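Each remark here refers to the structure printed beneath this line.
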Amino acid sequence: MSKSRYVVAQSEYGPVIINRFDNMIGQSISQYGWWEKDEIELLRWFLTACYGSEPEVEILDIGAYNGVYTIALARFPFPKVTVHAFEAQREIFQMLTGTVALNGLDNVHCHHKAVSSESGKTLQFPAVDYDEPANFGSLEIEPAVKPDFDGKRLEGSMETVETIRIDELALNKVRLMKIDTEGMEHKVLSGAADTIGRCRPLIFLEYEKTDFEFVKAFLRDAKYRSYYAQRPNILCIPGEIDHVKIDGAKSVKY
């Protein structure tokens, strides 16, 4: 076994750099060759069903981790796909960029940023020991409703990352936003309000750690209908897209 904490594992969507001490996402890729494959294929189906006739789409992978979603999203079946992948943890961001490079994906733009409701703010959080087993993808950058990070912190060492609002990017063809930011999902939505109103993307959002009441109010006001997908996520569809039906899924009550 390599003495490095990082190894390359083969996933169903291409090679992925993993931390061999990662006991969740990395372990799943190493053992099974995938992470949340059902969710990825669900998003592929819905994006195609809702926007399949469009020649160009932009996809936002917010909380991209090591790129396990990113490399799949970048290969979705459209003539032109551009993915913006955001990751706040510096060491995990380096894994993300390495994964993208290994897959030769020139349609992916990686951002070492914490997506939030304001831009240019510096967030500080205790640094993580990446040589001790943990679910590194569950790290909370800010206090969350239900924190569950199980890793070891490096005493006396702090990590910093700058925030960014999605609206600052002024994107015009966003058709999917996947948001997994360990409690900051409500802030992501707030900072993307103009983009959501202009582009009307599908939104796939983790809800258990965030301010879910804010999220529901935001989606209601933005005229989205939402459904519980594989826990702990919801799938949100613009209300005007009425030709796509979801039979049997539980609706999110606003």
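Using our numbering, the letters of the sequence shown map in sequence onto residues 3 to 256.
Ideal Cβ placement from N, Cα and C applies to all residues, glycine included.
Note that the structure is predicted; figures quoted are calculated from it, not measured.
S121 and Q96 have their C-alpha atoms some 22 Å from each other.
Within the stretch 7-80, the runs of beta strand (DSSP E) that reach at least 3 residues and sit entirely inside it are, in chain order, 8-13, 16-21 and 58-64.
Each of C238, N137 and A231 was checked against the Cα of A219, and the nearest Cα belongs to C238. Excluding residues up to 5 positions away in sequence, L221, I236, C238 and V254 lie with their Cβ nearer than 6 Å to the Cβ of S228 in the same chain. The criterion of a C-beta distance shorter than 8 Å is not satisfied by G65 and V102. Straight through space, the alpha carbons of R46 and L141 are spaced by roughly 27 Å.
Contact check for A194 against M179 passes: the beta carbons are separated by less than 8 Å. Annotation: M160 to F88 spans about 20 Å, alpha carbon to alpha carbon. Per DSSP, the unbroken alpha helix (DSSP H) holding H188 starts and ends at E187 to S192. V147 sits away from D249, with the two beta carbons spaced by 8 Å or more. Around the C-beta of A172, fewer than 16 other C-beta atoms lie within 10 Å, and the residue is accordingly described as exposed. Secondary structure note for G106: it is in no beta strand (DSSP E), with a DSSP letter that is neither H nor E. Closest by C-alpha distance to E184, out of P234, P81, Y15 and E215, is P234. When the Cα atoms are used, S6 and G16 turn out to be separated by approximately 21 Å.
Close CB contacts of E170 within its chain, under the 7 Å cut and outside five residues either way in sequence, are with S121 (chain order). Remark: C-beta atoms of I31 and V10 do not approach each other more closely than 8 Å. With a threshold of 16 other beta carbon atoms within 10 Å, A251 falls short and is exposed. Taking the C-beta atoms as reference points, H111 is found no nearer than 8 Å to I166.
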